[in-house]
Structures are given as C-alpha cells and as structure tokens.
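Engineer: I have a structure here, written as structure tokens, and I will follow up with some questions on it.
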Amino acid sequence: KAGVTQTPRYLIKTRGQQVTLSCSPISGHRSVSWYQQTPGQGLQFLFEYFSETQRNKGNFPGRFSGRQFSNSRSEMNVSTLELGDSALYLCASSFGTGQETQYFGPGTRLLVL
Amino acid sequence: AQTVTQSQPEMSVQEAETVTLSCTYDTSESDYYLFWYKQPPSRQMILVIRQEAYKQQNATENRFSVNFQKAAKSFSLKISDSQLGDAAMYFCAYRPTGNQFYFGTGTSLTVIP
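Residue numbers (the numbering used here), protein chains in the order written: chain A, 345 to 457; chain B, 112 to 224.
Okay, here's the thing in structure tokens:
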C-alpha cells in the first residue's frame, strides 16, 4: 500500500497570505489528523477528521481550518499567515478513531516571510 | 488534563549498547493505547512500537521493547544493541479511545560509533 502523501512538500509564503495543504491517507483509512511541529512547541495537534466530520480539535485560532472529502483526502487551510506559522505540518492517517495506530506523511514545510 | 512527559530532552548511547528512554503520562482513562514514534533527520515519523493498556505483557519489536507500568503511568522504551540508524528524535504518544493523540516533547537520541 502507498503511504500517506502530502503536497506540496515545501512552501514559501508571505505574511497575510493564505495557504492550503493537502493530505492523501493510506487507502482504506478514514481518519486524518493534522499536526504542527515547531522546534519550540514540539508536536501540536490541530484537528482530526473522520468520514468528512471534524472529530477533535486542538487549541489553534480560527485561522486554521480543515476539511475532509468523501475519498478521505483532507486539506488544511491557514488564512492571514503570520511569521509564527512557519513550521512542519504533518498529516497522519488511521483506519478509524479508536486506538488505531496513526501513520504519518512526510510533512509540508511552510516558511512564512 | 491528558499530558505526556518525556523528561530526557537528549540521550546518547554507544553503538551496540542498550539505552532506555523514559515517558510518563497523566490520565483518568482506563482504555487507551501507547506508542513510541521515531523521527529521523528526514522528519518522517515512523512507528516504533505500540502497547495496549489492557495488556499486561510488554510489547516487543525486534531490538525495541517497552516497560509498561500502568499503575505508575510509565511507558519507557528500551533499545538494545543500538545501531547508528537508531539516531533520531523519539516521541512517546498516548491515545485514549476515540480521542486525539497526545505527544510528548521528544527525546533526541545520539548513537556514538
């Protein structure tokens, strides 16, 4: 099976712009979670989607939003980018929302100038 | 609050030796899973091992094993016969049923030739 894929892998934006990141889960997986990873804050949970519904949400401002499509692919959007949004954004998929293991994609590295 | 604590920001081990990484977690849940993930310099998060809370037997995967102490809420990772390829950031994670993953801040492991 193909693993979790994320596009784009690298992105440079300027303050005030918006960005959309994409994640394709492992085939058959219906749950997708998003994380922000920065050197200072570690791995911070953004949100989790299951069957097109947001199941869990982390403590991030409303500028961060996401959605999931019927094929389980997910997108994450960040509006009005700030310098502090520079980070590695990781997507992870799992079969469901129980105790299943999450499998991670390679990440999208976002740099905000 | 659900928290995961990794008290060792950095660890080092001689090649072929054994090292133990510590992790504690705080929860009032009785049903949950615990995980160790590895993040090498490539930044790809890789599952190392997982433990079901209801199982008393400690999980083992080749050179990796855990010491799960449920009452103490402790979940340490032992790496035997350390190899250069084991050098990475190691994250402990906890997932209660139907809820998000909670990650520790990570332990950076250096393997000395």
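Ideal Cβ placement from N, Cα and C applies to all residues, glycine included.
Treat the numbers as computed from the prediction; the structure is a model and nothing was measured.
Could you round the C-beta distance between Asn-400 (chain A) and Asn-210 (chain B) to whole angstroms and report it? I think they count as a contact, below 8 Å.
Structural biologist: That belief holds up - the Cβ atoms of Asn-400 (chain A) and Asn-210 (chain B) are roughly 6 Å apart, short of 8 Å.
Engineer: When the Cα of Leu-188 (chain B) is compared with those of B:Leu-145, B:Ser-141, B:Ala-127, B:Ser-139, which residue comes out closest?
Structural biologist: Ranking the options by Cα distance to Leu-188 (chain B), first place goes to B:Leu-145.
Engineer: Between Gln-150 (chain B) and Leu-434 (chain A), what straight-line distance do the alpha-carbon atoms span, to the nearest angstrom?
Structural biologist: If I take the Cα positions, the gap works out to 12 Å.
Engineer: Can you list, in chain order, the residues of its chain with a C-beta nearer than 6 Å to that of Asp-137 (chain B)? Leave out the 5 residues immediately preceding and following it.
Structural biologist: Contacts found: Thr-114.
Engineer: Say whether chain B places a C-beta atom closer than 7 Å to the C-beta of Leu-387 (chain A).
Structural biologist: Interface residue, yes.
Engineer: With distance defined between alpha-carbon atoms, name the residue in B:Thr-129, B:Glu-126, B:Met-156 nearest to Gly-451 (chain A).
Structural biologist: Here the closest residue by C-alpha is B:Met-156.
Engineer: Measure from the alpha carbon of Leu-425 (chain A) to the alpha carbon of each residue in A:Gly-410, A:Gln-380, A:Phe-389, A:Leu-457, then state which is nearest.
Structural biologist: The option with the nearest alpha carbon to Leu-425 (chain A) is A:Leu-457.
Engineer: Give the interface partners of Tyr-447 (chain A) over in chain B, defined as CB-CB distance under 8 Å, in chain order.
Structural biologist: Going along chain B in sequence order, the residues near Tyr-447 (chain A) (Cβ under 8 Å) are Leu-158.
Engineer: Output, in chain order, the set of chain A residues within a Cβ distance shorter than 9 Å of Gly-217 (chain B).
Structural biologist: Those within 9 Å of Gly-217 (chain B) in chain A are Gly-386, Leu-387.
Engineer: Establish whether the CB of Asn-400 (chain A) and some CB of chain B are separated by less than 7 Å.
Structural biologist: Yes, because at least one Cβ of chain B sits closer than 7 Å to the Cβ of Asn-400 (chain A).
Engineer: Taking Phe-448 (chain A) as the reference, which of A:Ser-423, A:Asp-429, A:Gln-380, A:Leu-455 has the closest Cα?
Structural biologist: Per the Cα distances, A:Gln-380.
Engineer: Taking a cut of 7 Å between CB atoms, which residues from the stretch 171-183 of chain B lie near chain A?
Structural biologist: For the stretch 171-183 of chain B, which is checked against every Cβ of chain A, not one residue is closer than 7 Å.
Engineer: Quick one: what's got a C-beta closer than 7 Å to Pro-352 (chain A)'s C-beta in the same chain, skipping five residues either side?
Structural biologist: Correct list, in chain order: Thr-452.
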